[in-house]
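Contents: one structure, followed by commentary.
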Ligand code: DC
């Protein structure tokens, strides 16, 4: 594939399946940009939490959304000009992101922004609806999964490493609750697009998945 060609690699899948680690590694290896769309919903979720806005107060959510600027600088998420990566990975923000991502008017604004971000340059973008909604014309489409126990195990180890107090059972329950939210919402529920290739990463290393995707991209 010529270096100048613009193409998108779209990666969807449930939380904790390893999407973002793989997406980052693929982007680094191919020298293209990585866009973490989950971070965009998380940034908005953070702002709504900080403002004490209830997710069912549609008018208040709309007001906050209208005055919110989300962008990426050198691959890092910015909310209203502030770097927020270090604030958006808590369990509270995860649930707030899941809740606000179920609102169609929130998705409409963030999807439009994602389409702008990936329009003119090659990107790896990961999320839940990238293959079907954001870039249905993406040249490469994947749905990355792993069993829920495996995903909970990975997240649990990550949280332990950060020194957070939690149990495996709590993490597994949170993953299942978020899967349920993400798969049963009316607006763009998490499903594998018919033309996305499924990769089950249970028992696979990040390197193996990255090699697999990069080989396909470079081989065409
Ligand atoms: O990938 P993540 O765990 O950082 O995503 C946070 C939440 O945002 C998750 O509950 C699902 C939602 N999300 C979405 O609805 N659509 C996307 N493209 C990305 C994330």
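In the working numbering, the protein residues as written are 48 to 267. All C-beta atoms, glycine included, are put in the ideal place defined by N, C-alpha and C.
{"Item": "Range of the contiguous alpha helix (DSSP H) that encloses residue 230", "Value": "215-231"}
{"Item": "Supposed close pair residue 171, residue 235 - CB separation, criterion 8 Å", "Value": "Residue 171 to residue 235, Cβ: 20 Å. No contact."}
{"Item": "Burial state of residue 87 (16 or more Cβ within 10 Å)", "Value": "buried"}
{"Item": "Cβ pair count under 8 Å reaching 3, the segment 90-97 against the segment 144-163", "Value": "yes"}
{"Item": "Residue 189: CB within 7 Å of a non-hydrogen atom of ligand 1", "Value": "no"}
{"Item": "Residue 88 Cβ short of 7 Å to ligand 1 heavy atom set", "Value": "yes"}
{"Item": "Burial state of residue 66, where buried means 16 or more other Cβ atoms lie within 10 Å", "Value": "buried"}
{"Item": "Residue 102 versus residue 266: straight-line alpha-carbon distance, rounded", "Value": "45 Å"}
{"Item": "Range of the contiguous beta strand (DSSP E) that encloses residue 55", "Value": "55-59"}
{"Item": "Same chain, Cβ closer than 6 Å to residue 71, five either side skipped, listed in chain order", "Value": "81"}
{"Item": "Same chain, Cβ closer than 8 Å to residue 238, five either side skipped, listed in chain order", "Value": "179 and 230"}
{"Item": "Residue 121 CB to nearest heavy atom of ligand 1 below 7 Å", "Value": "no"}
{"Item": "Three or more C-beta pairs below 8 Å linking the segment 203-220 and the segment 117-128", "Value": "no"}
{"Item": "Contacting residues, own chain, Cβ-Cβ under 6 Å from residue 176 (five flanking each side not counted)", "Value": "235"}
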